[in-house]
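Reading through the structure tokens given below for one structure.
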Amino acid sequence: RECGWDGGDCIVEGFPECHVDDPSWIGDGDCHGGEHNTEECGWDGGDCIEFNNKYPDCKVDTTYWIETFDCFGDGCCDDWSPFYTEECGWDGGDCG
């Protein structure tokens with residue numbers, strides 16, 4: 001559910017300083033990056049901890065993250081992906 005910044009629907013339980021447009025993504029099992037992957041949001045409610053530990057210097061714009069993260073580390077080399085960098089392990093190890 002998209003946050004409308006009204007009636008308390010934007011509060012992320014357990015992360016009072018986390019202010020994101022879609023709080024339902026926090027802790028849903030998928031690492032979303034960007035504004036979700038911050039200390040205030042508990043590294044996306046814990047969903048990005050493994051990714052952050054493995055690729056601490058991998059920084060990808062949130063727009064591209066959402067559109068391309070499903071291709072990250074999926075066994076197929078996506079050399080067009082914004083994750084195709086040394087910092088991101090060449091698409092999560094798919095291209096190495």
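Quick note on the working numbering: the sequence shown kicks off at 1 and runs consecutively. For glycine and all other residues, C-beta sits at the position ideal for the given N, C-alpha and C. Since the model is a prediction, treat every value here as computed from it, not as a measurement.
Inset, instruction - State yes or no: is the C-beta of CYS41 within less than 8 Å of the C-beta of PHE83? - result: With a cutoff of 8 Å on beta-carbon distance, CYS41 and PHE83 are scored as not near each other.
Legend entry - Closest residue to THR68 among ILE49, SER81 and GLU13 (Cα-Cα distance): Distance check between THR68 and each of ILE49, SER81 and GLU13 places SER81 closest, using alpha-carbon atoms only.
Legend entry - Element boundaries [alpha helix (DSSP H), containing ASN37]: No alpha helix (DSSP H) holds ASN37; DSSP gives it neither H nor E.
Inset, instruction - Can you say whether GLY29 is buried or exposed, counting buried as having 16 or more other CB atoms within 10 angstroms of its CB? - result: By the neighbour-count rule (16 or more Cβ atoms within 10 Å), GLY29 is not buried but exposed.
Inset, instruction - Take the Cβ of ASP44 as the centre, count every other Cβ of all protein chains shown within 10 Å, and call the residue buried at 16 or more, exposed below. - result: By the 10 Å Cβ count, ASP44 comes out buried.
Legend entry - CB of GLY46 within 8 Å of CB of GLY34, strictly: GLY46 places its beta carbon 8 Å or farther from that of GLY34.
Inset, instruction - Return the CA-CA distance between CYS95 and GLU50, expressed in angstroms with no decimal places. - result: CYS95 and GLU50 have their C-alpha atoms roughly 20 Å apart.
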